[in-house]
């Protein structure tokens, strides 16, 4: 009772706001529940029951198309391969999130994992026929784009960030040029550039496929944004650390690798995770250049005459999938931030 | 050491130059082989495609590509400017709601922020577009949540102030009042610096800004007629009619960016130390002036830099228009590239425009940051 009085009816304005929200909930929530759950059509091989009078949400679309949404146009009888890839990626994400696993072996696990993923997706060995990457798609492709994008962009971004703080003017100018140029333009323009201009850049006869071109654009894009985050971490390393390393007579490479980067990256983890989230969301833009990711699969499924008109259900489902991944990452980043904060104050008290 | 640094830089510059030369020579060869023209001469040619909405500028398919691109640029600015204003208003409200002592309100605001930030903007745009075009009724039985406002699958029709001769004078009076108020504020600041006597700048300034337009308004007989949209044939006429594409893009950009702005506003208010409130009160400053003279300047110093970068993000995100068919700069440049085959020029135009916007805003920001930076503190 006391809690209610303090937190919901503390003042006239507060009471008014509470009543307003309750009224809104009363008018909006029951019809939504009715539509989304009670009247919903969960399973149906076609859309006829969904089009009946009084039918609710047509989740049958998702149920019917779930293979297509997960794997795109990957050959049907080979679907277990991208399925395993999705599980493998999820396992790698979870392992990387647990601090218990933060040791050099994790990097090896990633290298091995990525190689295995490449083998599974392409195949070409006995028992696994070759599948060209034009046919990769769905959630598997979204996760692959995000993972490989970050995996390549991250090392580049460290170099860019170090270069931007370098004392050598030419190095600095090139790094600033890359970072500011990329951050100043929308990702779409880079994707367009990759899909229509990149083929012109290469000598005659050499061509790279659409997926790789898009991936290159995403890497160039992500590297610039990550570089700014890494730079923030580099700036936060106390100057005394640099001086101590110099006093020990360490060279640039040893000083950077052993003293500065470990501290800078640790400080930068929470904002790095936020950049990962933004990048994960940005992979959805490949729909514009016609790559077959999760969002494209859903759009294509909606393009069939039988299922057209159920965009609300389909995009609610897409939102849910993206939300689950992004929300997990953002909660993780918040927890980590709190943990790091605690460690730091702990260390200070100990000192 | 010196020599090594110089050699390293020389090698790097040489490598970059080589890559540029290699790409340029390949491109030149490829263009020649595919018989693609280069240069910007195509801009003067006839575009030959219609554009769904071209406000402020008449346009027809017979006009040039340059004019079509200009229409696109205007459309980009139109959605970005309105979006920035609406997102700032909504974001500030949500940010303050998150700090509310009302538990329900704070939780509702937090829910809004989490949902919006964790779903890609493009998915939100597709969703809104599906809601408008698939689920709204036709114009004949349009929803009318407020009198004069109609929601239908043809877009959103809003009432608009009917044009009146006095409105131009109203604007002139407002501008004159603003200039006077600015001069008054300058004079008052100088007088306070010399004599220590404060002047009620805010009240006097508000009177100066709002007084003359109000006088003009009343003198002209209070011309406040709304042009209401009315159903004519298959669509609404009169008032302002937002197309489904514009409404989707504006709504999506506003709702999405507002979530980020809300977090910035919240962080800004929380960044001001409690001691600042207490110090101001113990100096005897009343609450209003505490907010205006002590709290707001400090909160704004934290808020404004990330806020501008959100404005830039909103402008860059408006390029997602191409996915739902709103004719912004990117989608018109895309059509142009498809028709002329001159991809390099088209992409150069897109990048050039966005870079100009971004770099000028960041230059402005740097100037502003230097101005408000604490004296003696290094940026």
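Residue numbers (this note's numbering), protein chains in the order written: chain D, 1 to 351; chain X, 1001 to 1379.
Backbone N, C-alpha and C define an ideal beta-carbon position, used for all residues, glycine too.
Note that this is a predicted model, so its numbers are computed, not measured.
Is the beta carbon of residue i sitting closer than 7 Å to the one on residue j?
| i | j | result |
| --- | --- | --- |
| residue 1318 of chain X | residue 1076 of chain X | yes |
| residue 1290 of chain X | residue 1280 of chain X | yes |
| residue 154 of chain D | residue 297 of chain D | no |
| residue 1314 of chain X | residue 1253 of chain X | yes |
| residue 272 of chain D | residue 229 of chain D | yes |
| residue 1243 of chain X | residue 1128 of chain X | no |
| residue 157 of chain D | residue 236 of chain D | no |
| residue 244 of chain D | residue 213 of chain D | no |
| residue 145 of chain D | residue 1030 of chain X | no |
| residue 101 of chain D | residue 95 of chain D | yes |
| residue 277 of chain D | residue 329 of chain D | yes |
| residue 1130 of chain X | residue 311 of chain D | yes |
| residue 139 of chain D | residue 61 of chain D | no |
With burial defined as no fewer than 16 other Cβ atoms inside 10 Å of the residue's Cβ, what is the status of residue i: buried or exposed?
| i | result |
| --- | --- |
| residue 1035 of chain X | exposed |
| residue 1316 of chain X | buried |
| residue 281 of chain D | buried |
| residue 1379 of chain X | Low confidence applies here, because residue 1379 of chain X scores a pLDDT of 39, under 50, leaving its location unreliable and the question unanswered by this model. |
| residue 74 of chain D | buried |
| residue 1342 of chain X | buried |
| residue 270 of chain D | buried |
| residue 126 of chain D | exposed |
| residue 1230 of chain X | exposed |
| residue 1213 of chain X | buried |
| residue 65 of chain D | buried |
| residue 331 of chain D | exposed |
| residue 171 of chain D | buried |
| residue 293 of chain D | buried |
| residue 1139 of chain X | buried |
Per DSSP, residue i forms a beta bridge with which residues?
| i | result |
| --- | --- |
| residue 1235 of chain X | X:1232 |
| residue 1150 of chain X | X:1157 |
| residue 1064 of chain X | X:1046 |
| residue 1006 of chain X | Partner(s): none; residue 1006 of chain X has no beta bridge. |
| residue 1241 of chain X | X:1157 |
| residue 1365 of chain X | Paired residue(s): none; residue 1365 of chain X is not in a bridge. |
| residue 113 of chain D | Its beta-bridge partners do not exist; DSSP assigns none. |
| residue 58 of chain D | D:41 |
| residue 138 of chain D | D:293 |
| residue 1226 of chain X | X:1161 |
| residue 1031 of chain X | BP columns for residue 1031 of chain X are empty, so no partner. |
| residue 125 of chain D | D:128 |
| residue 1143 of chain X | X:1151 |
Under 6 Å Cβ to Cβ from residue i, same chain only, skipping five residues before and after it: list those, please.
| i | result |
| --- | --- |
| residue 1377 of chain X | In this prediction, residue 1377 of chain X scores a pLDDT of 47, lower than 50, which makes its location untrustworthy; the coordinate-derived value is nonetheless stated afterwards. Excluding positions up to five away in sequence, the list is empty. |
| residue 225 of chain D | 275 |
| residue 219 of chain D | 149, 152 and 153 |
| residue 47 of chain D | 306 and 307 |
| residue 1220 of chain X | 1166 |
| residue 1157 of chain X | 1150, 1229, 1236, 1239 and 1241 |
For residue i, which residues in the same chain have their Cβ closer than 7 Å to its Cβ, ignoring the five residues on either side in sequence?
| i | result |
| --- | --- |
| residue 1132 of chain X | 1153, 1244, 1247 and 1248 |
| residue 1044 of chain X | 1064 and 1066 |
| residue 1082 of chain X | 1250 |
| residue 233 of chain D | 264, 265, 267 and 268 |
| residue 1353 of chain X | 1073 and 1329 |
| residue 1105 of chain X | 1097 |
| residue 1208 of chain X | 1177, 1180, 1181 and 1184 |
| residue 1008 of chain X | none |
| residue 58 of chain D | 41, 47, 50, 310 and 313 |
Can you find the residues in the same chain that come closer than 8 Å, C-beta to C-beta, to residue i, ignoring five residues on each side of it along the sequence?
| i | result |
| --- | --- |
| residue 1033 of chain X | none |
| residue 1040 of chain X | 1345 |
| residue 6 of chain D | none |
Contact set between the stretch 1269-1300 of chain X and chain D, restricted to residues whose Cβ is under 8 Å from the partner: Cβ contacts with chain D: none found.
To be precise: take each residue of the stretch 1307-1319 of chain X, compare its Cβ to all Cβ atoms of chain D, and keep it if any distance is under 9 Å. Which residues remain? Answer in chain order: 1312, 1315, 1316, 1317, 1318 and 1319.
Residues in the stretch 292-309 of chain D with C-beta within 9 Å of chain X's C-beta atoms, listed in sequence order? Result list: 295, 298, 299, 302, 308 and 309.
What residues from the stretch 266-283 of chain D come within 9 Å of chain X, judged by C-beta to C-beta, listed N to C? Close to chain X, meaning a Cβ-Cβ distance shorter than 9 Å, are the following residues of the stretch 266-283 of chain D: 277, 280, 281, 282 and 283.
Listed in chain order, which residues of the stretch 1102-1121 of chain X have Cβ atoms closer than 8 Å to some Cβ of chain D? Close to chain D, meaning a Cβ-Cβ distance shorter than 8 Å, are the following residues of the stretch 1102-1121 of chain X: 1102, 1103, 1104, 1105, 1108, 1114, 1115, 1117, 1118, 1119, 1120 and 1121.
Taking any Cβ of chain D, which residues in the stretch 1130-1158 of chain X have a Cβ under 7 Å from it, in chain order? If the cut-off is 7 Å between Cβ atoms, the stretch 1130-1158 of chain X has 1130, 1131, 1134 and 1135 near chain D.
Residues, ordered as in the chain, of the stretch 328-341 of chain D that lie near chain B by beta-carbon distance below 8 Å: Looking for chain B here will not work: the only protein chains present are D and X.
Residues of the stretch 1342-1355 of chain X whose Cβ lies closer than 7 Å to any Cβ of chain D, in chain order: Of all residues in the stretch 1342-1355 of chain X, 1343, 1344, 1347, 1350, 1351, 1354 and 1355 have a Cβ within less than 7 Å of some Cβ in chain D.
Relative to chain X, which residues along the stretch 16-40 of chain D have a C-beta separation below 7 Å, given in chain order? Considering only beta carbons, the part of the stretch 16-40 of chain D lying closer than 7 Å to chain X consists of 17, 18 and 21, in chain order.
With 8 Å as the C-beta to C-beta threshold (strictly closer), list the residues of the stretch 120-145 of chain D near chain X in chain order. Per Cβ criterion, the list is empty.
Closer than 8 Å, Cβ to any Cβ of chain D: which residues of the stretch 1012-1039 of chain X, in chain order? Answer set for the stretch 1012-1039 of chain X: 1012, 1013, 1016, 1023, 1026, 1027, 1029, 1030, 1031 and 1033.
The stretch 1327-1340 of chain X: positions lying closer than 8 Å to chain D by Cβ: If the cut-off is 8 Å between Cβ atoms, the stretch 1327-1340 of chain X has 1330, 1334 and 1337 near chain D.
Which residues of the stretch 1170-1203 of chain X have a Cβ closer than 8 Å to any Cβ of chain D? Give them in chain order. The residues in question: there are none.
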